[in-house]
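**Student:** Offset between the sequence shown (1-based) and the working numbering: plus 1. For each residue, glycine too, the CB sits at the ideal point set by N, CA and C.
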Amino acid sequence: MTYENLIGKIDSEKTGIAKGYDISFLQDVCCYRNNGEKIFDNLVAKDLELFSSIEAALLKRNEPQEGDFVEYADGKFARISVNHRNGTFQLSNKIGVYVSEGGYAQASGCTWDYELDDIERERLLFDNLTPTSKTMKGHCWMFSGGDSGGRRGVYYDIQFRVWLLG
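(1) Can residue 139 and residue 80 be called in contact, C-beta distance under 8 Å?
(2) List the whole-angstrom C-beta distance separating residue 55 from residue 102, where the pair is believed to meet the contact cut-off of C-beta under 8 Å.
(3) Would you mind working out which of 11, 28, 129 and 83 sits nearest residue 114, comparing C-alpha positions?
(4) Using the DSSP secondary-structure output, state which residues sit across from residue 84 in a beta bridge.
(5) Going by DSSP, what residue range makes up the beta strand (DSSP E) through residue 135?
(6) Give me the Cα-Cα distance between residue 11 and residue 38, rounded to the nearest whole angstrom.
(7) Would the C-beta of residue 69 count as close to the ligand PLP, meaning under 7 Å from any of its heavy atoms?
(8) Mind pulling the beta strand (DSSP E) runs of 3 or more residues that sit fully within the stretch 45-121?
(9) Am I right that residue 106 and residue 59 are in contact with their C-beta atoms under 8 Å? What's the rounded C-beta distance?
(10) On the DSSP letters alone, give me the boundaries of the alpha helix (DSSP H) that residue 4 sits inside.
(11) Grab me the residues of residue 49's own chain with a C-beta within less than 7 Å of its C-beta, minus the 5 sequence neighbours each way, in chain order.
(12) With H, G and I counted as helix, E and B as strand and the rest as coil, what does DSSP make of residue 23?
(13) Rounded to whole angstroms, what is the Cα-Cα separation between residue 65 and residue 87?
(14) Residue 92 and residue 126: beta carbons closer than 8 Å?
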């Protein structure tokens, strides 16, 4: 597959996951190889399946975790950015969330969001969170195929649980 063909495949891929790859990773894996288009299609299909499996595991969890959403005021949401492992947490809407098999999620980046300063920090206790039946799509990333390595990150939006802050 040529570079031009690769760009065409990325632009025409329906789910949007293809735009979440590092272009140089896709070039290395798919371009100028026999069956490059098939390699691309298989890669995307496997990563969509892996994201689906991770999403299912995340939604089965009964405890809040990093990356989940918290409704902290009527119609206002932020994501759990840090679990301090002492019953407290922080919120941010400026984080990256790494996910992996089994429903593991870890946030990084802006762990305290200054735009959320109106929330009293004393309220940010896991004991104050109530599960809801809601879910929200959140941006996250994983390593393509679950294999770590440079440029192997792929970004996609999946559903995360929503908790109500009391």
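**Tutor:** From the atom records:
(1) One thing to note: residue 139 has its Cβ within 8 Å of the Cβ of residue 80.
(2) The pair is a contact, with the Cβ atoms about 6 Å apart (cut-off 8 Å).
(3) Considering only alpha carbons, the answer is 83.
(4) Partner residues in the beta bridge of residue 84, as assigned by DSSP, are 90.
(5) First-last of the beta strand (DSSP E) with residue 135: 130-144.
(6) Rounded to whole angstroms, residue 11 to residue 38 spans 11 Å at the Cα level.
(7) In terms of ligand content, the structure shown is empty, and the ligand PLP therefore cannot be addressed.
(8) Assignment of beta strand (DSSP E) within the stretch 45-121, counting only whole runs of 3 or more residues, yields 70-74, 77-84, 90-93, 96-101 and 105-110 in chain order.
(9) Taking 8 Å as the upper bound for CB-CB distance, residue 106 and residue 59 are in contact here, some 6 Å apart.
(10) Counting along the chain, the alpha helix (DSSP H) containing residue 4 begins and ends at 4-13.
(11) Within the same chain, residue 49 has close Cβ partners 16 and 18.
(12) Looking at residue 23 - three-state DSSP - the assignment turns out to be coil, as it is neither helix nor strand.
(13) About 14 Å.
(14) Their beta carbons are not under 8 Å apart, which means residue 92 does not touch residue 126 by this criterion.
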